[in-house]
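Below is one structure, written out as structure tokens; the observations come after it.
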Amino acid sequence: MRIIMAFLAIALVSWTEAASAQKTYSVSVSRYSGKPDLTEKEVQNILDDASELLQKNTSHVCNVTFTLKSPILTFESPEESPKVVHGDRDIDELHRLNDDVAGVDFHVKIVEKIGFCRGVFNGNIRGCAFPPKFRSIIVVHPKLQTAAPSHIVWAHEFGHLAGLPHRKDDQRALMKCGGVTNVSVQVNKRECDCLLKPGSCELPKKKSFC
Numbered sequence: 048m049r050i051i052m053a054f055l056a057i058a059l060v061s062w063t064e065a066a067s068a069q070k071t072y073s074v075s076v077s078r079y080s081g082k083p084d085l086t087e088k089e090v091q092n093i094l095d096d097a098s099e100l101l102q103k104n105t106s107h108v109c110n111v112t113f114t115l116k117s118p119i120l121t122f123e124s125p126e127e128s129p130k131v132v133h134g135d136r137d138i139d140e141l142h143r144l145n146d147d148v149a150g151v152d153f154h155v156k157i158v159e160k161i162g163f164c165r166g167v168f169n170g171n172i173r174g175c176a177f178p179p180k181f182r183s184i185i186v187v188h189p190k191l192q193t194a195a196p197s198h199i200v201w202a203h204e205f206g207h208l209a210g211l212p213h214r215k216d217d218q219r220a221l222m223k224c225g226g227v228t229n230v231s232v233q234v235n236k237r238e239c240d241c242l243l244k245p246g247s248c249e250l251p252k253k254k255s256f257c
């Protein structure tokens, strides 16, 4: 009887740990006010797809959910908050934009083009999450880039905020160097642990990982 009770206790602890291994992130979104428009429904669809990508990950289910903190904010002046990212100054200005929105875990800043990130100039950058201290990511408008689904780009950049570096060992990895372009992306257990507990993993202190 004692053996049975011990097994039940172990099973209960395991179930409790599994049930608690989940995290919901509240997200604010700010975009450059120029065209094209972007609705709250379209943004939430991206966040839902990013959540599903992690929750249905075949190598290790990662119970992370993203939800929009409405409404979507806009910014007008390219001088104060640039719509095109050319350098560190632009990145810092965008990260500071609307970073005081209450009740959110991280921020998404949407621009027309990213030409610079992590010390690298490249005209085809889809997202930037450096430096991570700002707790925000900068991404190209979903309707202005077709190289990769936006939910993968957003999840990849959030991975950097959670302390995940790029990976070179798996072409399907969410954190693949250069970003993934297909829907069959993977995160391993260590990466999922970082996504569930941001701050428990620390990003390497260098600007470029590839």
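Going by our numbering, the sequence shown opens with residue 48, and the numbers climb by one from there. Beta carbons: idealized from backbone N, C-alpha and C, even for Gly. This one's a predicted model, so the numbers in the text were calculated from it and none came from an experiment.
- Identify, in the order they occur along the chain, each residue of the same chain with its Cβ nearer than 6 Å to the Cβ of N92, setting aside the five sequence neighbours on each side. none
- Task: Would you check if the segment 150-163 and the segment 95-111 touch, i.e. whether three or more CB-CB distances between them fall below 8 Å?
- Result: no
- Query: Which two residues bound the contiguous beta strand (DSSP E) that contains K156?
  - Reply: 153-158
- May I have a chain-ordered list of the alpha helix (DSSP H) segments no shorter than 4 residues that lie completely inside the segment 69-130? 87-102
- Item | Cβ pair M68, H198 closer than 8 Å | It should be noted that the sequence gives Ala, not Met, for residue 68. No, Cβ-Cβ distance for A68 and H198 is not below 8 Å.
- Message: Please identify the residue among D216, S247, F168 whose C-alpha is closest to the C-alpha of G210.
- Response: S247
- Task: Report the rounded CA-to-CA distance for D217 versus K190, giving the unit in angstroms.
- Result: 28 Å
- Take the Cβ of S77 as the centre, count every other Cβ of all protein chains shown within 10 Å, and call the residue buried at 16 or more, exposed below. buried
- Message: Within a Cβ cutoff of 6 Å, which residues of the same chain sit near A176, ignoring the five residues on either side of it in sequence?
- Response: I184, E204, H207, L208
- Query: To the nearest whole angstrom, what separates the beta carbons of L221 and Q233, a pair I think is in contact under 8 Å?
  - Reply: 7 Å
- Please report the residue range of the beta strand (DSSP E) in which F168 lies. 167-172
- Message: Tell me which residues share the same chain as T71 and place their Cβ nearer than 7 Å to its Cβ, disregarding the 5 neighbours each side in the sequence.
- Response: T112, T114
- Message: If you measure between the beta carbons of V155 and V187, is that distance less than 8 Å?
- Response: no
- Item | Assigned secondary structure, F163 (DSSP; H/G/I helix, E/B strand, else coil) | strand
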